[in-house]
Amino acid sequence: MTLETLANDIAAAAESDAKALIADAKAEAKQLLADAEAKASTLREQAQQRAEKEAEQIARETVASARQSNQKDVLIARRKVLDATLEAARSHIADPGMKGRAALLKSLLASSKKLAKGKFVIRPVEVDRAAISKEAGDRKVGESVDGLGGFVLEAEDGSVSFDMRFDNMLERAWSNQLAAVNETLFG
1 MTLETLANDI AAAAESDAKA LIADAKAEAK QLLADAEAKA STLREQAQQR
51 AEKEAEQIAR ETVASARQSN QKDVLIARRK VLDATLEAAR SHIADPGMKG
101 RAALLKSLLA SSKKLAKGKF VIRPVEVDRA AISKEAGDRK VGESVDGLGG
151 FVLEAEDGSV SFDMRFDNML ERAWSNQLAA VNETLFG
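Residue numbers for the sequence shown follow my numbering, beginning at 1 and rising by one.
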């Protein structure tokens, strides 16, 4: 064997080893790349699932918040309608020309005679002073009181009083009939 042959054999063996190492390195690189792509795909799928879950949660929360806001707006609007209705009733009752006002005052005065025997002073709301003075009979008509109409019946010594003003009756009726008013207005 000559030196040249030996050098060729060593070169061929080195080249063969180098090719094997390169092939192994390429195969390992290919496997690492495949593993990295699989891991990246898994991470991408997990991230997408988390993002979808978060988006669904945000959508549910947004819808719930919008519903709550709408319900609040409806309640506020209903309250405004109820307030306007009560104010319209007050305005109607406060009108001196309200139909049936004189008959209502007569009825209240008759009830007051049954309710309170003895010396009582009738303290009218100013708008009804003339009608009450006319129907008061033997009862004294005193100073005016504030209100939409009607009167306050007060013992001469101030120990007892009965509020027969329209305001008081309206407030009681409103409280007692609020459910029916709601049903009528809003179904």
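Positions of the beta carbon are idealized from the N, C-alpha and C atoms, including for glycine.
The alpha-carbon separation between R101 and L75 amounts to approximately 34 Å.
With fewer than 16 neighbouring CB atoms inside 10 Å of its own CB, L115 falls in the exposed class. Nearest in C-alpha terms to L104, of all of A179, G142, D83, A131, is A131. Looking from the CA of A94, the closest CA among G147, S159, K106 belongs to G147. With contacts defined by Cβ atoms closer than 8 Å, L170 and R67 do not form a contacting pair.
In the DSSP annotation of this structure, the continuous segment of the alpha helix (DSSP H) that includes V74 starts and ends at 3 to 94. Here the segment 76 to 86 makes no contact with the segment 140 to 160; the two share fewer than three CB pairs at distances below 8 Å. Taking a contact as a CB-CB distance under 8 Å, the pair E135 and K113 does not count as one, their CB atoms being some 11 Å apart. Its Cα nearest to that of P124, the residue L109 stands out among K117, L109, A173. Rounded to the nearest whole angstrom, the CA to CA distance from V121 to K72 is 48 Å. Going by beta carbons, E156 and K117 fall outside the 8 Å limit. Secondary-structure assignment with DSSP links G150 through a beta bridge to R165. Per the DSSP secondary-structure output, A155 pairs in a beta bridge with F120. One thing to note: R129 has its Cβ no nearer than 8 Å to the Cβ of S111. Excluding residues up to 5 positions away in sequence, V125, V145, G147, L148, G149, G150, F151, V152 lie with their Cβ nearer than 8 Å to the Cβ of R165 in the same chain.
Secondary-structure assignment with DSSP links K113 through no beta bridge to anything. K99 sits in coil when the DSSP states are folded into three classes, being neither helix nor strand.
Burial state of E56 is exposed, judged by a 10 Å Cβ sphere holding fewer than 16 other Cβ atoms. In the displayed model, V125 falls within a strand according to three-state DSSP.
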